[in-house]
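Taking it in order: structure first as structure tokens, then the write-up.
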Amino acid sequence: MPTDQPTDQPTDRTGARRPRVLIVVQNLSVPLDRRVWLECQALVAAGHQVSVICPRDEGQPPHRTLDGVRIHTYRPAPARSGVAGYLVEFAYSWLRTAGLSFHVARHEGFDVLQACNPPDTYWLLGRLWRLLARKRFVFDHHDLNPEVYEARFGRRGLLHRGLLALERATFATADHVISTNESYREVATTRGRVPLEHTTIVRSAPDPDRMRREAPDPALRHGREHLICYLGIMGPQDGVDRLLNAVDHLVHRMGRTDVHVGLMGFGDCLEDLRAQAHRQGLDDYVTFTGKVGPAEIGRWLSAADLGVTPDPKNPFNDKSTMNKTLEYMAYELPVVGFDLTENARSAADAAVTVRTTGTPDDDAALARAIAELLDDPERRSRMGAIGRKRVEDSLRWSAQEGPYVAVFERLAGKAPSRLRTVRG
């Protein structure tokens, strides 16, 4: 059995042991994953020992300590395409993560394992550590993977059923489930059959003290009057192709040659999107930045007139809180996007909502909504102020820290819960 009792076990003011936390995340590195990094900082500030296992970005060392967080990384799996490629990536990442978890247990120790999805495969690691050393397992539910599959491939079938089975196993293994919003909590309590008292909502929220509009850099407008921004992943389900269609309509059909568009982010579709922009004659109107850090994000959003959330309406997007929307609001940008339930709850009057009809006119309607807002600076200013106030008053990260840390405080000293039966 792994040794797991370092001498620097953290304690609270009464001398009681604070749970040491190991967080595993596969789809992004840390601190690039901003939600996970904020969680790490909240735990460290509360006196917990925090270790992280994640993929390694270029130039990162295998092991390092950053702001009190011990980060252990592995070389990402080689890029592959297709279902077989994904399976190889998941298996490779799982095995590397499992191996590093033994390293953490031996050299640092941990009491609680927090797994962040995607993918929904780390329940097996949670069960392994429960059997080996009675570790508790927390599931931080970032994505609805069955809905992601359906949105990406337009069908269900065998793989969709497999994803549902993995999700059920994850819910059944968890001592506690952290949901990003009410819709995700409802999935946990209905589809996952998790008791309500074993769930906590911790929103992915910006830090308004760090995300603040600065003096704009006019060079980012490329000599044009207006700057439109997109921030986020560029996958099949993210709607960046729809945004390019809207920009095509805006420039070539509506004659709006007074706009430039900054597209910040990366993903499976980045090269396809570059090719689409070229085919549509948008090379002079669009800048693809690739992967960017917080400083560059702040630079672009401080110069922008509005932010776009082009994610199309489907079961996944409708239930998901879009981090990009919250970050636009933190930088006092009005938001334009399609009619998504959780997005509307977050933005309220800080957003213009475009009704989805399921026809090609949806992209043109997005273009028209953007144009109307660009032509109304007073409305943009008013909406930006509303969004910033919502972030400062109720959507800020500091309002989420307490409920998040409390999950681990409640687990301290408690025996791991019994595994719930995984039912179909």
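Each step along the sequence shown adds one to the number in my numbering, with nothing skipped, and position 9 is 9.
Here a beta-carbon is modelled for each residue, glycine too, at the ideal position from N, C-alpha and C.
Inset, instruction - Mind the definition here: the stretch 325 to 332 touches the stretch 281 to 301 only if three or more C-beta pairs lie below 8 Å; say whether that holds. - result: Counting Cβ pairs under 8 Å, three or more are found: they touch.
Inset, instruction - Report all residues from its chain with a CB closer than 8 Å to the CB of GLU225; omit the five preceding and five following residues, and keep chain order. - result: Around GLU225: ASP258, VAL259.
Inset, instruction - Kindly confirm or deny that the stretch 306 to 319 and the stretch 332 to 339 touch, where touching means at least three C-beta pairs closer than 8 Å. - result: The count of Cβ pairs closer than 8 Å, one atom from the stretch 306 to 319 and one from the stretch 332 to 339, reaches three, so the stretches are in contact.
Legend entry - Delimiting residues of the beta strand (DSSP E) encompassing THR97: Annotation: THR97 is outside any beta strand (DSSP E); the continuous alpha helix (DSSP H) that includes it extends over 82 to 107.
Inset, instruction - Report all residues from its chain with a CB closer than 7 Å to the CB of GLU409; omit the five preceding and five following residues, and keep chain order. - result: Within the same chain, GLU409 has no close Cβ partners at all.
Legend entry - GLU327 Cβ short of 7 Å to the ligand FMN heavy atom set: Absence of the ligand FMN from the depicted structure is noted, as is the absence of any ligand whatsoever, leaving it without description.
Inset, instruction - Compare the beta carbon distance of VAL69 and VAL50 with 8 Å and say whether it is the shorter of the two. - result: In this structure, the beta-carbon distance from VAL69 to VAL50 falls below 8 Å.
Inset, instruction - Name the residue from LEU270, ASP283, HIS72, LEU282 whose alpha carbon lies nearest to the alpha carbon of GLY290. - result: Closest option to GLY290, Cα to Cα, is LEU270.
Inset, instruction - Taking LEU366 as the reference, give the member of LEU125, VAL177, GLY239 with the closest Cα. - result: By alpha-carbon distance to LEU366, the top candidate from LEU125, VAL177, GLY239 is GLY239.
Inset, instruction - Let me know the alpha helix (DSSP H) ranges lying completely inside the stretch 381 to 420, each 4 residues or longer, listed in chain order. - result: Runs of the alpha helix (DSSP H) inside the stretch 381 to 420: 398 to 411.
Inset, instruction - Check SER179 in the structure and name its three-state DSSP category. - result: Reduced to three states, the DSSP call for SER179 is strand.
Inset, instruction - Use the C-beta contact count for HIS63: other C-beta atoms within 10 angstroms, 16 or more gives buried, fewer gives exposed. - result: Exposed, since its Cβ has fewer than 16 Cβ neighbours within 10 Å.
Inset, instruction - For GLN114, write down the residues that DSSP places opposite it in a beta bridge. - result: BP columns for GLN114 point to ILE23, VAL138.
Inset, instruction - Rank ARG35, ARG279, VAL138 by C-alpha distance to the C-alpha of ALA20 and give the top, closest one. - result: Here the sequence assigns Arg to residue 20, which means Ala is not the residue at that position. Ranking ARG35, ARG279, VAL138 by Cα distance to ARG20 puts VAL138 first.
Inset, instruction - Using only alpha-carbon positions, find the residue among VAL52, ILE370, VAL292 that is nearest to THR353. - result: Selected option, being the one with the closest Cα: ILE370.
Inset, instruction - Measure the alpha-carbon distance for LEU231 versus GLY265 and round it to whole angstroms. - result: Cα to Cα, the separation comes out at about 6 Å.
Inset, instruction - Pick out whichever of GLY267, TRP129, CYS116 has its Cα sitting closest to the Cα of ARG106. - result: Comparing Cα-Cα distances from ARG106 to each of GLY267, TRP129, CYS116, the minimum goes to TRP129.
Inset, instruction - Return the bridge partner residues of VAL50 from the DSSP annotation. - result: VAL50 pairs with VAL21, VAL69.
Inset, instruction - Tell me ARG279's beta-bridge partners as DSSP assigns them. - result: As computed with DSSP, ARG279 is found in no beta bridge at all.
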